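Colleague: Residue 355 in UniProt numbering is what sits at position 355 of the sequence shown, and the numbering runs on without skipping anything.
Below you'll find the structure I mean.
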Amino acid sequence: MAHTPTPPTPPTSDEPPGAADPAKPAPTPPKSPTAWQLIRPYWVSEKRWEGRRLLLLVIALNLAVVFINVRLNAWNARFYDALDKRNWPVFTSSLMEFAVLAFSFIIIATFRTYFRQMLEIKWRQWVTDTNLTKWFTRQAYYRIERDHLADNPDQRISEDIRTLVNSSLALSLDLLTTLVSLFSFVTILWTISGAVSFALGTMNVTVPGYMVWVAALYAVVGSFFIFKVGRPLVGLSYRQQQVEADFRFLLVRLRESSEQIALYRGEGAELSRLKSAFGAVRDNWWQIMVVTKRLIFANSIYGQIAIVFPIMAAAPRYFAGAVTLGVLMRIIDAFGQVSDGFSWFVNSFTTLADWKATINRLREFTRVIDEPPRAGGIAVVPAPAGAAPAFTATDLQLALPNGSPLANVGSFAFARGSRWLVRGRSGCGKSTMLRALAGLWPFGSGQVDVPADARVLFLSQQSYLPIDTLAAALAFPSPPQTFTDAQYRNALAAVSLGQYSGDLQTVAHWARRLSGGEQQRLAAARALLQKPDFLFLDEATSALDVETEEAVYDALHANLPDTTIVSVAHRETLGRFHQHTMTLHPVEEVAPPRAVGAA
């Protein structure tokens with residue numbers, strides 16, 4: 001019985017298909033989250049109490065390290081005074097005290113690192129799971145690639161999340177520890193360094209705790225200059241991660257396409273492309289080297305001066321007899337602790353630069369995966385209750401992402417149990433029409449009604465085969481335990497792949513092990529197992545010879561008698577397997593799509 005689709009309703013405006021209604025305001029795209037919005041979710045999640053307990057434990061251990069450092073500062077005075085006065089009893093008791101402090105420090109530092117790493121992996125697991133879920137929700141992973149919304153999402157999830165968690169935890173704990181240590185040693189240094197007096201004109205000025213002010217001034221001036229020198233590292237670190245990921249992606253593509261490249265003798269072209277990609281890595285690295293050289297030079301000057309600067313500052317009081325050798329050593333140690341506290345920004349600058357670059361990349365990635373699919377365009381909705389079990393399209397018009405019209409498909413219905421062959425010139429929108437029916441192509445206009453609770457399966461020209469057991473590859477996307485070994489063997493035999501029946505539990509890279517034709521036959525076996533209500537084949541047998549292709553269609557017809565089968569194909573020999581033929585035309589051709597019954 002012939003069925004002719006209704007031509008599309010003429011547009012009522014000059015806007016391209018899928019254009020937004022001017023009367024409706026365009027939806028506001030989500031803003032990129034702040035750094036705090038990236039860090040906060042774990043600490044208010046269902047895992048928050050576990051994370052908070054570990055965090056408090058790590059903070060307590062960090063504070064214990066500060067306490068030991070304060071005790072070691074006081075120990076300096078007793079130990080060096082004992083040396084200066086040749087006091088053997090105090091010297092030996094100081095060694096015993098040092099042994100206790102050192103052993104305590106070793107134990108605390110060991111467990112501090114252990115529990116911090118435990119917190120890090122728990123936090124990272126939660127953030128990774130959350131982002132993976134968002135990545136798969138609403139098929140964001142597909143939209144990102146289709147619309148080129150973000151570069152290297154695999155790196156964002158695998159590397160940037162690790163850096164976010166590691167650096168955020170390290171920087172925040174280090175900053176807290178530094179602040180507590182700074183407060184403790186400022187108090188000590190203020191007390192033991194005394195005051196300094198000097199004449200300023202006719203006035204006599206006294207500065208209490210002068211070594212604290214010297215340490216602060218030294219650290220602030222040093223931090224300012226090191227910040228100016230190292231500031232370009234933020235942008236360069238961001239760029240380095242990007243070009244490294246691009247180079248790695250090309251290497252992965254080379255591995256995946258090694259046979260095709262070898263057949264083309266394309267080694268020279270790929271070598272040139274890889275060298276060009278690595279050239280970007282090298283060029284950006286040279287810029288990082290230049291900035292890093294300047295930063296290390298500035299840091300080295302700052303660090304070397306810091307060795308003798310406190311001695312020079314405290315020496316006048318020591319030589320004046322105001323302080324003992326032990327107190328001098330205590331002043332030098334406290335000065336170092338205070339200077340390090342005020343220099344936290346300088347000492348952490350490289351880590352901060354990497355952290356900021358990571359935050360910038362994750363902000364963009366998070367914005368993209370949180371962004372809902374575009375409104376308007378082609379609507380794919382459940383069919384109304386009581387409607388006939390059919391895939392129905394109304395006024396379906398396909399467009400390119402830039403709004404340019406691609407094909408005027410019109411209105412049609414793929415009824416339950418019918419067989420359709422979709423034809424048309426290459427590039428006229430046949431595969432795009434199937435993407436629209438699957439809800440993967442929003443560009444255009446019209447509506448697609450999907451039968452409620454219908455089992456739908458789309459087979460593409462290149463089927464996806466997970467790196468897993470053959471049973472898992474056959475069952476995908478269902479779990480492998482969904483079917484019995486007997487069902488797997490029967491499905492393989494039906495598509496002439498019986499020789500693989502003994503490999504059901506073999507883990508392999510099946511996309512490499514099987515030929516293109518074998519992969520397409522395995523996908524057909526997948527359809528025999530799934531028994532969908534609607535089966536769409538997008539040139540899914542193009543790699544098969546005519547005889548094998550016909551055998552596959554015979555198997556589909558014999559095993560799926562009630563399934564609607566819609567095939568996009570070019571071969572005339574498939575006509576006898578379909579009741580109806582739909583022919584699509586490029587949009588510049590006036591003739592609307594037509595459907596005719598099988599002869």
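Here a beta-carbon is modelled for each residue, glycine too, at the ideal position from N, C-alpha and C.
All values derive from a computational prediction rather than experimental measurement.
(1) Decide if alanine 472 is buried, meaning its Cβ has at least 16 other Cβ atoms within 10 Å, or exposed.
(2) Go ahead and pull the three-state DSSP assignment for glutamate 393.
(3) For valine 566 versus phenylalanine 414, is the C-beta distance shorter than 8 Å?
(4) Just to confirm, are alanine 77 and arginine 239 a CB contact at a threshold of 8 Å?
(5) Please report the distance separating the alpha-carbon of glycine 444 from that of valine 495.
(6) Please tell me whether leucine 470 and aspartate 503 are closer than 8 Å, where the distance is taken between their beta carbons.
(7) Tell me the DSSP secondary structure of phenylalanine 136 in three-state form.
(8) What whole-angstrom Cβ distance do alanine 558 and phenylalanine 365 have, given they're in contact under 8 Å?
(9) Could you tell me the distance, in whole angstroms, from the CA atom of leucine 173 to the CA atom of phenylalanine 247?
(10) Take phenylalanine 185 and list the residues in its own chain whose beta-carbon comes closer than 6 Å to its own, dropping the five residues that flank it on each side.
(11) Compute the Euclidean distance between the alpha carbons of histidine 3 and arginine 419, then round it to the nearest angstrom.
(12) Per DSSP, residue 609 forms a beta bridge with which residues?
(13) Among residues of its own chain, excluding the 5 on either side of phenylalanine 278, which ones have a beta-carbon nearer than 6 Å to its beta-carbon?
(14) Assuming valine 220 contacts phenylalanine 342 (C-beta within less than 8 Å), just tell me the rounded distance between them.
(15) How would you write the range of the beta strand (DSSP E) that glutamine 447 sits in, first residue to last?
(16) In three-state DSSP terms, what is leucine 544?
(17) What separation, rounded to the nearest whole angstrom, lies between the Cα atoms of arginine 162 and serine 223?
(18) Report the three-state DSSP secondary structure of tryptophan 286 (helix, strand or coil).
(19) Which first and last residues belong to the alpha helix (DSSP H) in which leucine 431 is found?
(20) Could you compute how far the alpha carbon of proline 586 sits from the alpha carbon of alanine 524?
(21) At which residues does the beta strand (DSSP E) containing arginine 419 begin and terminate?
(22) Report the option in Arg526, Arg513, Asn62 whose CA atom is closest to the CA atom of phenylalanine 476.
(23) Short of 6 Å in beta carbon distance, which residues of its chain neighbour glutamine 505, apart from the five on each side in sequence? Order them along the chain.
(24) First and last residue of the beta strand (DSSP E) that includes asparagine 408?
(25) Find out if the Cβ-Cβ distance for the pair leucine 233, isoleucine 288 is shorter than 8 Å.
(26) Return the first residue and the last residue of the beta strand (DSSP E) that threonine 324 is part of.
(27) Evaluate glutamate 547 with the Cβ neighbour count: other Cβ atoms within 10 Å of its Cβ, from every protein chain shown; 16 or more gives buried, anything less gives exposed.
(28) What does the Cβ neighbour count give for glutamate 549, buried or exposed, with the cut at 16 atoms within 10 Å?
(29) Could you check whether glycine 429 and leucine 457 sit closer than 8 Å to each other, using their CB atoms as the reference points?
(30) Between the C-alpha atoms of leucine 132 and isoleucine 157, what's the straight-line distance to the nearest angstrom?
(31) Kindly indicate which three-state DSSP category leucine 400 falls into: helix, strand or coil?
(32) If you measure between the beta carbons of leucine 514 and leucine 362, is that distance less than 8 Å?
(33) Which term fits phenylalanine 225, buried or exposed, when burial requires 16 or more other beta carbons within 10 angstroms of its beta carbon?
(34) Closer than 8 Å is the cut-off here; do at least three beta carbon pairs connect the stretch 117-137 with the stretch 34-54?
(35) Pairs of beta-carbons, one from the stretch 388-402 and one from the stretch 437-453, closer than 8 Å: are there three or more?
Modeller: On the basis of the coordinates in this document:
(1) By the neighbour-count definition (other C-beta atoms within 10 Å, threshold 16), alanine 472 is a buried residue.
(2) In the sequence as presented, glutamate is not what sits at residue 393; that position holds alanine. In this structure, alanine 393 counts as strand in the three-state DSSP scheme.
(3) Contact flag set, yes.
(4) no
(5) Rounded to whole angstroms, the gap between the alpha carbons of glycine 444 and valine 495 is 37 Å.
(6) Yes, the pair counts as a contact, with Cβ atoms nearer than the cut-off.
(7) helix
(8) At roughly 47 Å, the Cβ-Cβ gap does not stay under 8 Å, so alanine 558 and phenylalanine 365 are not in contact.
(9) Within the model, the alpha-carbon separation for leucine 173 versus phenylalanine 247 is close to 34 Å.
(10) Excluding the 5 residues flanking it on each side, phenylalanine 185 has same chain C-beta neighbours closer than 6 Å at Ala334, Gln337, Val338, in chain order.
(11) In this prediction, histidine 3 has a pLDDT of 45, which is less than 50 and means its spatial position is unreliable; nothing more can be read from the coordinates.
(12) There is simply no residue 609 to check, as the chain begins at 1 and stops at 599 in what is shown.
(13) Excluding its 5 nearest sequence neighbours in each direction, phenylalanine 278 has C-beta neighbours in its own chain below 6 Å: Phe247, listed in chain order.
(14) 7 Å
(15) 444-450
(16) coil
(17) 28 Å
(18) helix
(19) Here residue 431 turns out to be serine, not leucine, going by the sequence shown. From DSSP, the alpha helix (DSSP H) with serine 431 extends over 430-437.
(20) 30 Å
(21) 419-424
(22) Arg526
(23) Thr469
(24) 405-415
(25) Cβ atoms of leucine 233 and isoleucine 288: closer than 8 Å.
(26) Threonine 324 -> no beta strand (DSSP E), and no H or E assigned at all.
(27) Only exposed fits glutamate 547, as fewer than 16 other CB atoms lie within 10 angstroms of its CB.
(28) buried
(29) It is not a contact, given that the beta carbons lie outside the stated cut-off.
(30) Rounded to the nearest whole angstrom, the CA to CA distance from leucine 132 to isoleucine 157 is 8 Å.
(31) coil
(32) Here leucine 514 is not near leucine 362, since their CB atoms are 8 Å or more apart.
(33) exposed
(34) yes
(35) yes
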